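This note's numbering applies: residue 48 is where the sequence shown begins, and numbers increase by one.
Structure record follows, encoded as structure tokens.
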Amino acid sequence: MASTLSILVPVYNNAAFLQELYARTAAALTESAIDFELILVNDGSRDRSWEIIRELAAADTRVKALCLSRNFGQHAAISAALEHASGDRFVLMDADLQDRPELIPQLLAELAKPGHDIVYTLKEGGEEGMFRRMTSRAFHSFVGNSTGSHAAANIGTFRAFNRSVASALLNYRERAVVYGPLMHTMGYRTAFVPVPRDARIGSSSSYTFAKRLALALQSIVSYSTLPQKLLLWTGSSICLLSIAYLVAIIVQYLLGYDGLPQGLTLLVVLVLFLIGMVMVGLGVLAAYMFLIYREILDRPRYHVQQAINLDSP
Ligand code: UDP
Ligand code: MG
């Protein structure tokens with residue numbers, strides 16, 4: 048049997064792009080004679096996305112549609128797509144056509160080379176705006192450094208991987224899944240393809256700055272030990288410094304200097320700083336406790352309300 052490609056696409060308010068996404072994907076893959084299924088997961092969109100997905104699925108059974116019961120977030124939607132995919136090669140793609148479907152055959156050709164399990168794309172262009180590009184790069188290099196995975200800063204969501212990577216991904220059962228940093232910590236043999244990225248047409252990103260910040264914090268807390276290390280190192284440095292300071296005071300006292308009472312400002316600063324440190328520490332602990340609590344509940348990552356062209360959930 049010929050191998051099938053599963054294209055995983057989370058959809059959140061992307062109604063304007065879906066018809067074109069389908070048409071361009073189908074055209075590119077038919078031309079290259081690639082057998083595919085296009086899995087569109089409606090992640091609680093508030094626009095006409097689901098209606099359009101239903102029409103596409105009615106017209107072509109290669110379109111597999113899932114409608115989640117509400118908005119669960121991009122990564123939960125990706126999980127849903129992955130868990131319902133039946134292919135042996137996979138492509139993960141955004142629904143807003145910033146990733147060009149015409150590049151899929153190129154990614155697959157790279158994936159087919161011996162020794163390649165994951166093919167990442169490196170974004171070039173896309174006019175994201177200075178601030179966004181800078182924060183995005185900062186985030187990637189920070190996560191890369193703190194998880195020890197050293198991913199390139201301009202790595203895209205658009206990527207291809209094989210069955211063993213997909214099965215490995217399915218084994219990660221945590222609620223707080225974020226596929227970017229997760230895939231970088233998994234290992235496997237990777238390859239990179241630089242791709243032009245199209246500018247956003249019309250709609251804006253569904254990620255506000257607050258949402259992006261939340262995702263960054265979640266990735267850092269879930270996939271790195273940096274927060275604990277920071278706490279430990281700053282805490283112990285402050286202890287050492289205060290011991291050194293104490294020694295200095297004792298020496299001063301023994302030598303008969305009495306310059307101490309003027310140190311009130313220093314004292315206030317020190318006390319405030321230490322209270323701040325303790326509160327930061329508590330905050331970090333609380334973040335971990337919340338994550339542990341949420342993992343212990345072990346709730347489902349998403350609920351499927353309706354499925355088309357798929358075995359019922
Ligand atoms: N997305 C989703 N649920 C969300 C937010 C986004 O499924 O709550 C999907 C969205 O439909 C798109 C992908 O995640 O396919 C990336 O979102 P977007 O293009 O808005 O983000 P950006 O381009 O800023 O990375
Ligand atoms: Mg986008």
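Don't be surprised by glycine CBs; every beta carbon is placed ideally from N, CA and C.
Here the structure is a predicted model, which is why all the values come from computation and not from measurement.
Using 10 angstroms around the beta-carbon of Gly-227, count the other beta-carbons present and answer buried if the total reaches 16, otherwise exposed.
For the purposes of this step, residue 227 is taken as residue 180 along the sequence shown, with counting starting at 1. Flag for Gly-227 reads buried.
Identified DSSP bridge partners for Pro-57
Taking the sequence shown and counting its residues from 1, one reaches residue 57 at position 10. Per DSSP, Val-88.
Quickly, what does DSSP pair Ala-128 with across the bridge? List them, please.
Locating residue 128 in the sequence shown gives position 81, where the first residue counts as 1. Answer is none; Ala-128 lacks a bridge partner.
Are the CB atoms of Asp-164 and Asn-209 within a distance shorter than 8 Å?
Against the sequence shown, residue 209 aligns to sequence position 162. Against the sequence shown, residue 164 aligns to sequence position 117. Yes, the Cβ-Cβ distance between Asn-209 and Asp-164 is below 8 Å.
For Ile-125 and Tyr-292, the rounded distance between their alpha carbons:
Stepping through the sequence shown from its first residue, residue 292 is reached at position 245. Stepping through the sequence shown from its first residue, residue 125 is reached at position 78. Approximately 54 Å, taken between the alpha carbons.
Sorry if obvious, but does the Cβ on Ser-133 come closer than 7 Å to a heavy atom of the ligand UDP?
Working through the sequence shown from its first residue, we reach residue 133 at position 86. Every heavy atom of the ligand UDP is 7 Å or more from the Cβ of Ser-133, so no.
Excluding the five sequence neighbours on either side, which residues of its own chain have a C-beta within less than 6 Å of the C-beta of Ala-70, listed in chain order?
Taking the sequence shown and counting its residues from 1, the one referred to as residue 70 is at position 23. There are no such residues.
If you compare alpha carbons, which of Phe-186, Tyr-254, Val-240 is closest to Leu-169?
For the purposes of this step, residue 169 is taken as residue 122 along the sequence shown, with counting starting at 1. Taking only the C-alpha atoms, the option nearest Leu-169 is Val-240.
In three-state terms, what does DSSP make of Lys-111?
As a position in the sequence shown, residue 111 is number 64, starting the count at 1. Strand, per DSSP.
Exposure label - Phe-178; buried when at least 16 CB within 10 Å:
Numbered from its first residue, the sequence shown carries residue 178 at position 131. Flag for Phe-178 reads exposed.
Gln-353: first and last residue of the uninterrupted beta strand (DSSP E) it sits in
The residue given as residue 353 occupies position 306 in the sequence shown. First-last of the beta strand (DSSP E) with Gln-353: 351 to 355.
CA-to-CA distance, Ile-285 to Val-56, given in whole angstroms:
Looking up residue 56 in the sequence shown gives position 9. Looking up residue 285 in the sequence shown gives position 238. Cα-Cα distance, rounded: 48 Å.
With 16 other Cβ atoms within 10 Å as the buried cut-off, status of Asp-345
In the sequence shown, counting from the first residue as 1, residue 345 sits at position 298. Answer is exposed; the Cβ neighbour count stays below 16.
Looking at the structure shown, is Val-138 part of a helix, part of a strand, or coil, going by DSSP?
In the sequence shown, the residue the question calls residue 138 occupies position 91. Strand.
Buried or exposed: where does Trp-97 fall if 16 or more other Cβ atoms within 10 Å of its Cβ makes it buried?
Counted from its first residue, the sequence shown places residue 97 at position 50. Looking at its Cβ environment, which holds 16 or more other Cβ atoms inside 10 Å, Trp-97 is buried.
Which value, in whole angstroms, describes the spacing of the CA atoms of Ile-202 and Tyr-349?
Taking the first residue of the sequence shown as position 1, residue 202 is located at position 155. Taking the first residue of the sequence shown as position 1, residue 349 is located at position 302. If you take the alpha carbons of Ile-202 and Tyr-349, they lie about 26 Å apart.
Chain-ordered list of residues that sit, by beta carbon, closer than 6 Å to a heavy atom of the ligand MG
Asp-141, Asp-143, Gln-145, Ser-252
Segment contact flag, the stretch 143 to 162 with the stretch 214 to 222, C-beta cutoff 8 Å, min 3 pairs:
no
Comparing C-alpha positions only, which one of Val-298, Phe-189, Glu-78 sits nearest to Leu-260?
Residue 260 sits at position 213 when you count from the first residue of the sequence shown. Considering only alpha carbons, the answer is Phe-189.
When you compare the stretch 334 to 343 with the stretch 86 to 104, are there three or more beta-carbon pairs, one atom per stretch, that lie closer than 8 Å?
no
Buried or exposed by the 16-neighbour rule on C-beta atoms within 10 Å, applied to Ile-290:
Within the sequence shown, residue 290 is the residue found at index 243, counting from 1. Exposed: under 16 other Cβ atoms inside 10 Å.
Does DSSP classify Lys-160 as helix, strand or coil?
Position 113 of the sequence shown holds residue 160. Coil at Lys-160, not helix or strand.
Given 7 Å as the limit, tell me if Asp-90 has its C-beta closer than that to any heavy atom belonging to the ligand UDP.
Position 43 of the sequence shown holds residue 90. Yes.
Quick one: is the Cβ of Tyr-59 within less than 7 Å of any heavy atom of the ligand UDP?
Taking the first residue of the sequence shown as position 1, residue 59 is located at position 12. Result yes, Cβ under 7 Å from the ligand UDP.
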